[in-house]
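Accompanying notes for the structure given below.
Protein chains in written order, with the numbering used here: chain A, 42 to 542; chain B, 119 to 222; chain C, 291 to 800; chain D, 502 to 1123.
Below, the structure written as structure tokens:
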């Protein structure tokens, strides 16, 4: 059976929604929201189908598709000096991220019910964003990756700038410029790679680089890797490139933050693993200690700063920085445990932060605040929401039985093998995570209610869908991590092979 | 004729060109500025004619070029003066340094 | 030259020029005999028809051999055809804008002139693309410039328009004098004005003194033509002129005139200095030796254009700086001198044509509505006219160079060129960094359009706040958006046409 | 039966899930779900325990997580210790479930309470049957959450909130020790399995330093969970939770998990004298430290809490002195009598609605059931001969003495004296004398509450007879059966130790009687004699204040320092770059002064510069 149509359909299916929305009257709020939600479903269905395909024991390479797209020719008649191929494919790692994206996107579409104005524009941009994200994770060559990467920027800019909170424009600009610079660096790296090897295909590049006779000096490779680290460091974000992300997390509307924190930040991690580690394994090893130090700094820096924030969104924003530190720690370990931990953390944090930000949206919708001190004691009026909030926090602080633990555990397991002292310093982060999350969550839910929250409605109706689905997935991964680890084995083997392990 | 070396003509042209450039960049009166530009173009013409006679490979083309240049210069001057007239109607000045309504 | 000889010339290769010329003559006569109060718009439509006809004839010539007439002063090669298409396309769109332009401030008395002056400037640009001789190049250049001076000042009663024309004349005059001075030395060293002959002569150059002189003349020509491109530091006239000129003229200057500028730069630099030996036959040509100078100019242009654009509050001024910046990107392609240079310049100019024309169409509509050209006038455009807003959004995204638009492909193409041969890391980095800087001001306009509320006064106007889009504007917008998006997604439509029909590299030097 | 032991934790989990989903509808009928399911666990546990008497250890596992070539497993194991723990935990849990039906009656979050109890019981049972460190850690954390949730059950009380937070974070500090230790030992032995670890340690595959390091790190985990000094402060605060919870979690089961962990990893500890000594020292110190604080507390539950801390110290001392059996034995008896004491205290609180012992008094007559049961518990913990506590405490003292720690032995002896004193102080103040507070409607608790107490009371009396010097050390022999590394089932010690212990405890009781029963010695005798000391004890040695001052302030200060960096340095650099670009723009637009001649001049200068550079670099004059 020819399955090469699947990925194209998967990636571009949200466009259908955009087209339908374009012809809808903009006053029909309910219908628009419903269509926006429906438009995310085909991608979700296909993503799950692809996962089922994998579970059935079939090859993921069935989905690979490649076409010529753009050729820049030099002298006439010559072979093109530069070609951009339309190449999509799936590996286990990519499959997981695609499923994650599709799930979070659908749930974020539900969370978009809180959008108060101009739903039509919102959903059109939202769906465009989804196209970009799905494309990023399925692209098989760097240029295509870059194109999809850039495609995510514009909708996100508008979604933040138009539908965000008070300082939305500043946040949107911050986002645009930082990420623009990141992608600029990325483009330069891509071009140099192309200039040196004549290809941008990721697998090919991986092979070429593994060949000792590759036309790149070690120093150049190191330089390229450092550039990649900067490019994806903006996205991840790595200290000190993080300040844009705080603004975005605080100012963007809930459903966008779900996407942003849940998926967009993960592009950075994905890039580091797939390109940084995949293409430059030897240089990555050189930098491993540095990356580990950066990871520990991220972990602790985020944790300590989260401890003194008064806005819960800020707590979560710094918490994201902290958790991305774990990704770095895992990667720096350069062994199976660490890398697998990093990948787990990518998925796990995607789910957890989506859950927490959704709940923030729920609370903000009802109380018009996300300040911890204004929210004390909401467990009285909204016990279910408070319960899920606590569950989310527990997942985030790495409670066993939930996804956060498995990833944190493996990342540290990996690093302890290589750099035990650094890892030991990093474990302070585990304590601090508990401290800041409990401070924040208990500050909001426990204690005396500062104001009457009794009148507020608890979670209801469709609001349960994102919360329950996300919690269920978090627990599923925590209890039965093989759902993630088995598709990853092939990817890991490839990476480890590159690392010479 | 041959007693005057080609380099003298070229030097004259260069000096003329520089005078023109200096005038174009420093004079306040726009008419003078336009005339200075003419000077620069005429310097070119001297060059062309000199080369046409004493160049590496003397040819008539240089003189033809000079004729074209003169015609164009005339047109340019005419247009310049016409524009200056309409400007003068509105602003009542021909001073070039007062034409700074648009800046920054 | 006998009459037979005259007849035997292959005049047909000048068909497009003749069409335009004839129509100019017809329009002049018609304008003369038309009653004073009759609407001159018809002249504009005739002009558009003429341009389209010329375009068709240019298309028809694609794929043929290199031909030249009149002692090789006029040549028709693939390069000429390719860029003539751009120039004609740009001219047509400008005329569409012009027909929709509200004639005020004295323009109402000269609408007829408005159209045929545009056409004659266009004719100059066309001649430039096809010229094989310094004389024709110069004539073409001036034929483009002189009508442009008049056009800039055609709103006789508006001081800004006068001032803009005056500044243009003076700067244009100086620059063409400098360029011409440089050319005179080239002539002096070779005794010929024919480009190919010059090239042949210069490739044999042995004398270091002469090469030195040639180097100086290279710089002079570069500077003189740099004015046309508005490359830094010869860009400073552009913002003032762009701001003061009527919007269609600004569009013309920023697109057609710039395209013509690049045509002439490539033509001269490549043929003359591309083969001029620095140290005897077979040595490195001057052009390659001068690459660093070009690179500095390109980098300065990109930086100045993008950075100063950040500070602008007038949309036309901002677009002036933006067009300076784009000239910088194009200069990167010129600097790198790779085999895909022609294609990348051509494609970028094509993309630039679409996005800039479209943007100026929107600017024209908005500024006519509000009576000023402040960026703040765009506030709330999304509310007042969503389609116009989205159109402008797409065009701005293309200008900023995001994927999915022609602007991105154009930039990518240039960028690839920067790495294809000898990599130019610094230049490429400057290019991409300044591109990021450009996000600020392009998205600043978008902020006004999409995020800011419409000014209170215009909200109260009700019906009056609606935009009525003239037919010409609609055409331009549709073409611009379709072009920007289509060539952003399927650039090979254009690129393959070039490759399959036009063998620029082969033709250029033969 | 043992192959089905995995079902034991699942019953309470089921209870948790059921109550979470439909608890609201069930209201107080939720209790039946919880009680029935824990009863099932109890029955299974008893069956497993009996089967384990005759059958060998049962262990099974499957792959849980694959990391490359590493296969991390999950499964369960039934060995002697596990079987015993299963029984203790499910028994106390069942009793507390039953008791709570009465105690929590009328609470609006009744189903939630039972759900949490179910979660905790699940985690605790899961913990005790884990065959490897990783799984232990997983459940270890889960019991922490159960504890956290139940401490914070009265979430609207600020104190409960603070206590819950404190409990979680302080135990987490310990957990990190365990976490590190676990990972370090994993990389040494390539396994989390207890059996593999022991084998590697025995085979000498792990260096001595590493053994000591990991053992101590793991012990830090135990310190956190078992409230040992210096991580003990959360445990007294945890008394903010409902009293049945205190009985279940903070007396009988979870806090004993630390002891259990050390016991389960005993061979590892035994391989390092340093580690053992650390355990013993910390244990002994904690025992006397907490006991001394207990002397002056006035909150009935806090007295019991410090007593718990102290008793846990005892157990640690035992283990640290190589008295494996003694430690586990005391764990068991302590579970019985301390749970009894807490439940009885709960019954008292239920009756008088206060926890302050100064407001109680004279309850002996009013609480006909509770009083005697409380007395049984008090006697047992004081080590009065014949009751369970006597036997186990004696074992510990012997172990400490034989282990060659005379100082620690002495500390333990003093702690025993303190224990007897403060427990009877408590007893006398609560049950004898005149009623001091306003006590209306004081009545005995319902039978639902007294019956569990009765069961525990019986066990508190007879529980010790499974391992006595007189009737044979059945428990000890069984525990160490088949594993010589654990030491002997019974350690012979000099007879004077038993006598000394008895004398000491009786002395304590006598002194308490003198002051609080007979009142022949003034109550402020002690506080008067050592005023400063009394204040220090009352303030728990200012440990909390110390932590507040040093740790909390340091963390906060450091955070603000980082914020400073974040705001000024990180943002500052960004602003600097942006400012530079803006400045360039400003300069550029300033140059654009509208003067056309300036434009020309700039261009000319540009040309001149190019030409000069060209001239200077020599052009082509070769």
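We put the CB at the ideal spot given by N, CA and C, even for glycine.
- Shown here, residue 165 of chain B sits in a helix according to DSSP, grouped into three states.
- Think of a sphere of 8 Å around the beta carbon of residue 371 of chain C: no beta carbon from chain D falls inside it, the nearest being about 33 Å out.
- Taking residue 311 of chain C as the centre and dropping the five residues before and after it, the same chain places the C-beta of 413 closer than 7 Å to its C-beta, in chain order.
- Contact annotation for residue 276 of chain A against chain C: no contact, minimum CB-CB distance about 15 Å [criterion: below 8 Å].
- Taking 8 Å as the CB threshold, residue 205 of chain B stays off the interface with chain D.
- In its chain, beyond the 5 residues on either side, 510 have a beta carbon closer than 7 Å to the beta carbon of residue 471 of chain C.
- Boundaries of the alpha helix (DSSP H) harbouring residue 851 of chain D: 825–853, taken from the DSSP string.
- Of all residues in the region 475–487 of chain C, none is placed with a Cβ closer than 9 Å to any Cβ belonging to chain D.
- For the options D:1048, D:987, D:606 and D:552, the alpha carbon positioned closest to that of residue 771 of chain D is the one of D:987.
- Taking a 10 Å sphere around the C-beta of residue 786 of chain C, we find fewer than 16 other C-beta atoms and assign the residue as exposed.
- Counting other Cβ atoms within 10 Å of its Cβ, residue 895 of chain D reaches 16 or more and is therefore classed as buried.
- Contact annotation: in the region 1087–1110 of chain D, residues whose CB is within less than 8 Å of a CB in chain B are 1090, 1091, 1093, 1094, 1095, 1096, 1097, 1098, 1101, 1102 and 1105.
- Residue range 975–981 is occupied by the alpha helix (DSSP H) that includes residue 981 of chain D.
- For residue 248 of chain A, the enclosing alpha helix (DSSP H) has its first and last residue at 243–251.
- Setting aside the 5 residues that flank it on each side, residue 919 of chain D is surrounded in the same chain by 789, 792, 793, 795, 796, 811 and 1009, each with a C-beta closer than 8 Å to its C-beta; the list follows chain order.
- For the beta strand (DSSP E) assignment, the region 621–709 of chain D encloses no uninterrupted run of at least 3 residues.
- Under the Cβ criterion of 8 Å, residue 554 of chain C is not counted among the residues facing chain D.
- Listed along chain C, no residue sits closer than 8 Å to residue 1078 of chain D by beta-carbon distance, the nearest being about 11 Å off.
- DSSP links residue 568 of chain D through a beta bridge to D:571.
- Within the region 772–797 of chain C, the complete alpha helix (DSSP H) runs of at least 4 residues fall at 782–791.
- Taking the beta carbon of residue 664 of chain C as reference, no residue of chain D falls within 7 Å; the closest one sits roughly 16 Å away.
- Look at residue 1085 of chain D: its C-beta is under 8 Å from a C-beta on chain C.
- By the beta-carbon neighbour count (other beta carbons within 10 angstroms, threshold 16), residue 790 of chain C is exposed.
- With a cutoff of 8 Å on beta-carbon distance, residue 764 of chain D and residue 829 of chain D are scored as near each other.
- If you ignore the 5 residues before and after residue 298 of chain A, its C-beta comes within less than 6 Å of the C-beta of 290 and 398, all in its own chain and listed in chain order.
- A check of alpha carbon separations from residue 127 of chain A across A:528, A:98 and A:181 identifies A:181 as the nearest.
- In this structure, residue 565 of chain C lies away from residue 621 of chain C, with their beta-carbon atoms at least 8 Å apart.
- In the three-state reduction of the DSSP assignment, residue 500 of chain C falls in the helix class, which pools H, G and I.
- Counting only unbroken stretches of 4 or more residues, the alpha helix (DSSP H) elements lying wholly within the region 44–123 of chain A are 46–63 and 70–96, in sequence order.
- In the structure shown, residue 125 of chain A falls within a strand segment according to DSSP collapsed to helix, strand and coil.
- For residue 1056 of chain D, the nearest beta carbon of chain C is not closer than 8 Å to its own beta carbon.
- Between residue 630 of chain C and residue 178 of chain A, the CB-CB gap reaches or exceeds 8 Å.
- Counted as a single uninterrupted DSSP element, the beta strand (DSSP E) harbouring residue 357 of chain C occupies residues 357–359.
- For the pair residue 420 of chain A and residue 156 of chain A, the Cα-to-Cα distance works out to about 25 Å.
- By the Cβ neighbour-count rule, residue 141 of chain B is buried, with 16 or more other Cβ atoms within 10 Å of its own.
- The alpha-carbon of residue 1040 of chain D is positioned some 19 Å away from that of residue 661 of chain D.
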